[in-house]
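Student: Dropping a structure here in structure tokens format, bear with me for questions.
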């Protein structure tokens, strides 16, 4: 059946995906889904009004007053763990239905399965129905998803990361064919039946609509910024280096901090953050005279490219970053081999907490945002949920109700016993308590958890102070509150975009060309050529598509 | 002699290119956290022997289980593959066998036409193989390349030998087992090695067909260890995932898992090596 040895097909498909031939070449177009966007797909955009009409009525769950109230997409902050926990849910969600199979992504060693996992047993006992989770590798999730959707073989609850949605051909068709329309269960006041789902932010629900109907429960982001530029504040302080506040100072810092003889370089990957400092948009920006401007057309992009190419040319970037896409920059940063690199803000707490155990002075902080030549910086971000959870189609109204009740339990907010059980397991088994009452996971806890209920249930995001990172919550929320005003307005917020195939196809090759320019393999002047190729082979089509989506929504 | 020197230098460089990464993996797996942090990643110079990474992976259960599954898949799979391939190759190598040209054509056709991800998935799930270790074996049970190699070898065996056996009253099965196979030890050993390494490295089929963590083969587990804690990269921007990066395994643990996956292949190769050149060259060139 499979002519090649196992594993070989991955590369072939990557190649096909790159050529945009994925579906056509391997499947022939007759089946529902394939390996990439189908060639010839023009993309679709669902109108914002249609989306608003089907959203659940937002009703915040006020179980515990936050110490640092969040606003908009910024999560609430808590500076202590509550001594007294509340019962958020009094009635067991299970209705005696058969076991619930779920599938969700996980980035790490998989926990033991049902029957050998005391954490699952404890949560299932509370739920009153057996949930049987299957954790799949997050990195290859799209491969698995493509095959499952194509073969119409989906579990009762399926969790799909937002970035995988773009990789699946005709995803909206798959949604309609395979998943339950949740509109009647959750639209408007109907959502009050599932109070913790109704407490999820409206901004996240907006993205869960396909073809004007509500199809998924969102897992809202706990921080809308795409990236931050982290620096080793402890090392900068001890070396007497001040925090850069302009591109010139950043360059100067690079020259002072880099010392190849000691194995220290100033920078890892920084280009995305440099673009933001220079005020460059992530994708599109509205032109004053109408129409959309792509970032390649913004002079700020060229300036950022020139600046970053200079950092590479002068040898201020770590050789691992220069050589490979997959450089382990986290490890280099932890070891002080690089002093600055860009990463998602989600990486912050884990890294700080882990490293401070051996190096008490370790202090990583996002670099304060600065603009260039008096112009303000722009921060990339969006309220797009991290995951969507879909319910299998055709299970019947009662079963869907049971599944939503389970999801409601999984969304129980901070301050409840349900939250503690879900996030930390059983006291004495999966966690012990620190002096301040906060849970500290045990070895068993780390092994058995795997966010098996968290990733499917949405949950209202919160930031809670923990013993190993005492300053983190205030630092994190402070950074957000200070900079949220700089976040680029998502022109397409609330509009469901399914991008045209030609557009999706040119992204990676163009990024590779830009990588070459940064690393000095092509001169910066080649940007003109890259731009020309980009707009000719899908860029213009993408522009027309995006402009139409805005026009259709009267924006 | 400059020629010999140059040859030596090239060979040394080649050997180093293979051995240095293996060395770094081994040393890192035995290094303490402190040494790894001091080195900023992979460790080249051993400072101590710290077996804690190995203790961690073998006390957790998952690695032990995965090694067992991979061993089972490798042994069972190689046996199944060799039996099927040898039987098919023998049949296809006998000029008189029924429909052998048509059959051979169909076999060769699979070189050109890949069934596609979804059809393969449908067949495997349709046969009820999902979540069974047979899903790692049956879809790749016959490699047409190996089949062609063995067939070419069989065709090379002098017909007189077989005729004399027939005169002595031997049937086809007897001929295959008593005459063909003893003459083809080299090629069978090499093809067996190909199959075994393929099964030991089985990864993508496991991603597709195995949902149950207890049935993951070692490569699938290795991948989850190596990439643990890395944020998924989406068009240049890392996605922040709450909770995901909380407890990634240490580099030493990751490298210890690499050692566990690599060692069996490293051990097996030298034993089959003496057959290697002979088996492949004879099978591939003649016929």
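Residue numbers (my numbering), protein chains in the order written: chain H, 590 to 1144; chain G, 8 to 294.
The beta-carbon is built from N, C-alpha and C at its ideal position, and this holds for glycine as well.
Bear in mind that the values here come from a model prediction, so they are computed numbers and not experimental data.
For residue 164 of chain G and residue 170 of chain G, what's the separation of their Cα atoms in angstroms?
Tutor: Their Cα atoms are separated by approximately 11 Å.
Student: Using a C-beta to C-beta distance shorter than 8 Å, which residues of chain H count as neighbours of residue 214 of chain G?
Tutor: The contacting residues are 725, 726, 729, 732, 733.
Student: For residue 1041 of chain H, would you say it is in contact with chain G, using Cβ-to-Cβ distances shorter than 8 Å as the test?
Tutor: no
Student: In terms of DSSP beta bridges, what is residue 881 of chain H paired with?
Tutor: According to DSSP, residue 881 of chain H shares a beta bridge with H:875.
Student: Helix, strand or coil for residue 241 of chain G per DSSP?
Tutor: Low confidence applies here, because residue 241 of chain G scores a pLDDT of 45, under 50, leaving its location unreliable; read the following figure in that light. Strand.
Student: So, using beta-carbon positions, are residue 813 of chain H and residue 789 of chain H closer together than 8 Å?
Tutor: no
Student: Decide if the region 1072 to 1089 of chain H is in contact with the region 967 to 974 of chain H; the criterion is three or more beta carbon pairs, one per stretch, under 8 Å apart.
Tutor: yes
Student: Name the residues in the region 105 to 126 of chain G whose C-beta lies less than 7 Å from a C-beta of chain H; which are they?
Tutor: 117, 118, 121, 122, 123, 124, 125
Student: Between the C-alpha atoms of residue 119 of chain G and residue 1054 of chain H, what's the straight-line distance to the nearest angstrom?
Tutor: 58 Å
Student: Buried or exposed: where does residue 933 of chain H fall if 16 or more other Cβ atoms within 10 Å of its Cβ makes it buried?
Tutor: It is buried - the Cβ of residue 933 of chain H has at least 16 other Cβ atoms within 10 Å.
Student: Give me, in chain order, the residues of the same chain whose beta-carbon lies closer than 6 Å to that of residue 250 of chain G; leave out the 5 immediate sequence neighbours on both sides.
Tutor: Note that residue 250 of chain G scores 42 on pLDDT, short of 50, meaning its location in the model is unreliable; the coordinates nonetheless yield the value given after this. So the list is empty, once near-sequence residues are dropped.
Student: Residue 917 of chain H versus chain G: which residues are under 7 Å apart at the beta carbon?
Tutor: Chain G residues near residue 917 of chain H: 48.
Student: Can you give me the C-alpha to C-alpha distance between residue 884 of chain H and residue 738 of chain H, rounded to a whole angstrom?
Tutor: When rounded, the separation of the alpha-carbon atoms in residue 884 of chain H and residue 738 of chain H is 34 Å.
Student: Is the number of C-beta pairs between the region 1087 to 1099 of chain H and the region 836 to 849 of chain H that are closer than 8 Å three or more?
Tutor: no
Student: Please confirm if residue 132 of chain G has its CB atom under 8 Å from at least one CB of chain H.
Tutor: yes
Student: Apply the 10 Å Cβ neighbour rule to residue 611 of chain H and answer buried if 16 or more other Cβ atoms are within range, or exposed otherwise.
Tutor: In this predicted model, residue 611 of chain H has a pLDDT of only 33, less than 50, meaning its place in the structure is not dependable enough to derive any value.
Student: Check each residue of the region 691 to 706 of chain H: if its Cβ is closer than 8 Å to any Cβ of chain G, include it; give the result in chain order.
Tutor: 692, 695, 696, 697, 698, 699, 700, 701, 702, 705
Student: Are any of the Cβ atoms in chain H nearer than 8 Å to that of residue 40 of chain G?
Tutor: At least one chain H Cβ lies under 8 Å of residue 40 of chain G.
Student: Return the residues of the region 195 to 221 of chain G that lie within a Cβ-Cβ distance of less than 7 Å from chain H, sorted by chain order.
Tutor: 205, 208, 209, 210, 211, 212, 214, 215, 218, 219, 220, 221
Student: Nearest-angstrom Cα distance between residue 303 of chain G and residue 729 of chain H?
Tutor: Because chain G spans 8 through 294 in this model, residue 303 of chain G falls outside it and cannot be assessed.
Student: Just the chain G side, please: which residues come within less than 8 Å of residue 1001 of chain H by C-beta, in chain order?
Tutor: By Cβ distance, chain G contributes nothing, its closest Cβ being about 15 Å from residue 1001 of chain H, past 8 Å.
Student: What are the residues of the region 917 to 935 of chain H that lie near chain G, defined by any Cβ-Cβ distance shorter than 8 Å?
Tutor: 917, 919, 920, 921, 923, 924, 925, 926, 931, 932, 933, 934, 935
Student: On the DSSP bridge list, what partners appear for residue 749 of chain H?
Tutor: Note: residue 749 of chain H sits in a beta bridge opposite H:977.
Student: Only counting the same chain, and skipping five residues up and downstream in sequence, which positions put a Cβ closer than 7 Å to that of residue 573 of chain H?
Tutor: As displayed, chain H neither begins before 590 nor continues past 1144, which places residue 573 of chain H out of reach and without an answer.
Student: Let's test the definition: count the other Cβ atoms within 10 Å of the Cβ of residue 10 of chain G and tell me whether it reaches 16, buried, or not, exposed.
Tutor: exposed
Student: For residue 1015 of chain H, collect the residues of the same chain with a Cβ closer than 6 Å to its Cβ; drop the 5 residues on either side in sequence, then sort them by chain order.
Tutor: If we look at residue 1015 of chain H and ignore the five residues flanking it on each side, its Cβ neighbours are 711.
Student: For a quick check, are the C-beta atoms of residue 1027 of chain H and residue 1056 of chain H less than 8 Å apart?
Tutor: A Cβ-Cβ contact shorter than 8 Å links residue 1027 of chain H with residue 1056 of chain H.
Student: Rounded to whole angstroms, what is the Cα-Cα separation between residue 822 of chain H and residue 1061 of chain H?
Tutor: 14 Å
Student: For a quick check, are the C-beta atoms of residue 667 of chain H and residue 655 of chain H less than 8 Å apart?
Tutor: Yes, the Cβ-Cβ distance between residue 667 of chain H and residue 655 of chain H is below 8 Å.
Student: Closer than 8 Å is the cut-off here; do at least three beta carbon pairs connect the region 691 to 707 of chain H with the region 1034 to 1044 of chain H?
Tutor: yes
Student: Three or more C-beta pairs under 8 Å: does that hold for the region 80 to 94 of chain G against the region 201 to 215 of chain G?
Tutor: Between the region 80 to 94 of chain G and the region 201 to 215 of chain G there are three or more inter-stretch CB-CB distances shorter than 8 Å, so the stretches are counted as touching.
Student: Using a Cβ-Cβ distance cut-off of 8 Å, determine whether residue 258 of chain G contacts chain H.
Tutor: yes
Student: Checking contacts by CB at 8 Å: is residue 740 of chain H closer than that to chain G?
Tutor: yes
Student: Could you tell me whether the region 715 to 728 of chain H touches the region 782 to 801 of chain H, where touching means 3 or more Cβ pairs closer than 8 Å?
Tutor: Judged by pairs of C-beta atoms under 8 Å, the region 715 to 728 of chain H does not touch the region 782 to 801 of chain H, as fewer than three such pairs exist.
Student: Please tell me whether residue 757 of chain H and residue 775 of chain H are closer than 8 Å, where the distance is taken between their beta carbons.
Tutor: no
Student: Any C-beta of chain G sitting closer than 8 Å to the C-beta of residue 852 of chain H?
Tutor: yes
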